[in-house]
Amino acid sequence: MKNKLLVSACLMGFNVRYNGSQKANLTARLERWQRAGRVVIHCPELAAGLETPRPAAEIVAADGSDVMRGRARIVESTGQDVTPHYQLAAWLALNAAITGQCGAALLTDGSPTCGSQFIYDGRFSGTRRPGTGVAAALLREHGIAVFSEQQIPALIKWMEQREEQDDPV
Ligand code: SF4
Numbered sequence: 011m012k013n014k015l016l017v018s019a020c021l022m023g024f025n026v027r028y029n030g031s032q033k034a035n036l037t038a039r040l041e042r043w044q045r046a047g048r049v050v051i052h053c054p055e056l057a058a059g060l061e062t063p064r065p066a067a068e069i070v071a072a073d074g075s076d077v078m079r080g081r082a083r084i085v086e087s088t089g090q091d092v093t094p095h096y097q098l099a100a101w102l103a104l105n106a107a108i109t110g111q112c113g114a115a116l117l118t119d120g121s122p123t124c125g126s127q128f129i130y131d132g133r134f135s136g137t138r139r140p141g142t143g144v145a146a147a148l149l150r151e152h153g154i155a156v157f158s159e160q161q162i163p164a165l166i167k168w169m170e171q172r173e174e175q176d177d178p179v
């Protein structure tokens, strides 16, 4: 049963973000699920071989699903095209979710990889736009429910429903 949760490593307090920071968001629920063995911690960009720290990267005027279809690019703030690295990151996130039996993912919003509600517009001006990163898009396309750190109540509901299905009274 796919009752586990794939969680962005930076949300769990690991310093794996492009600038070497983390975005710890360890709610009591998340800690409880971790103790129960229901959390799979993963950083798609690190898994794809990107280093920390690394230049900021943004999807250029498109969204993660466009990148995965080869219709858009991801570039670093240096101008370098890193699209293949990020496509690999997305596939590795999907692989981690499938092998880890994850039916849902809690991913850091705003990232060109993990963003699920918003991303940045590719101009490195701090301008947000609605959209998903590459991993969030691919996970959703494969039936995995994706939540951002702003959606913890909805995630708790999803996890509780899954618990009830696994352990009917
Ligand atoms: S790829 Fe995802 S898990 Fe890794 S640092 Fe970026 S937002 Fe965090």
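Everything in the sequence shown is counted per our numbering, starting at 11 for the first residue and increasing by one.
Cβ atoms here follow ideal geometry from the backbone N, Cα and C, with glycine treated the same way.
Note that the structure is predicted; figures quoted are calculated from it, not measured.
Range of the contiguous alpha helix (DSSP H) that encloses residue i
i: I154; result: Premise fails: I154 is in no alpha helix (DSSP H) and is neither H nor E.
i: Y96; result: 93-109
i: G74; result: 74-78
i: R45; result: 38-45
Buried or exposed by the 16-neighbour rule on C-beta atoms within 10 Å, applied to residue i
i: R45; result: exposed
i: T118; result: buried
i: E159; result: buried
i: D73; result: buried
Proximity test, residue i beta-carbon vs the ligand SF4 heavy atom, cut-off 8 Å
i: V85; result: no
i: V26; result: yes
Unbroken beta strand (DSSP E) run spanning residue i, endpoints
i: E55; result: Not the beta strand (DSSP E): E55 falls in the alpha helix (DSSP H), residues 54-57.
i: A67; result: 67-69
i: S18; result: 14-18
Distance between residue j and residue i (C-alpha atoms, nearest Å)
i: L165; j: A71; result: 29 Å
i: G59; j: H95; result: 8 Å
i: D76; j: R150; result: 14 Å
i: M22; j: R48; result: 14 Å
i: L102; j: A146; result: 12 Å
i: A19; j: T123; result: 12 Å
* Quick one: which unbroken beta strand (DSSP E) runs of 3-plus residues sit fully inside the segment 108-154? Chain order, please. => With a minimum length of 3 residues, the continuous beta strand (DSSP E) runs that stay inside the segment 108-154 are 112-117, 128-130, 138-140.
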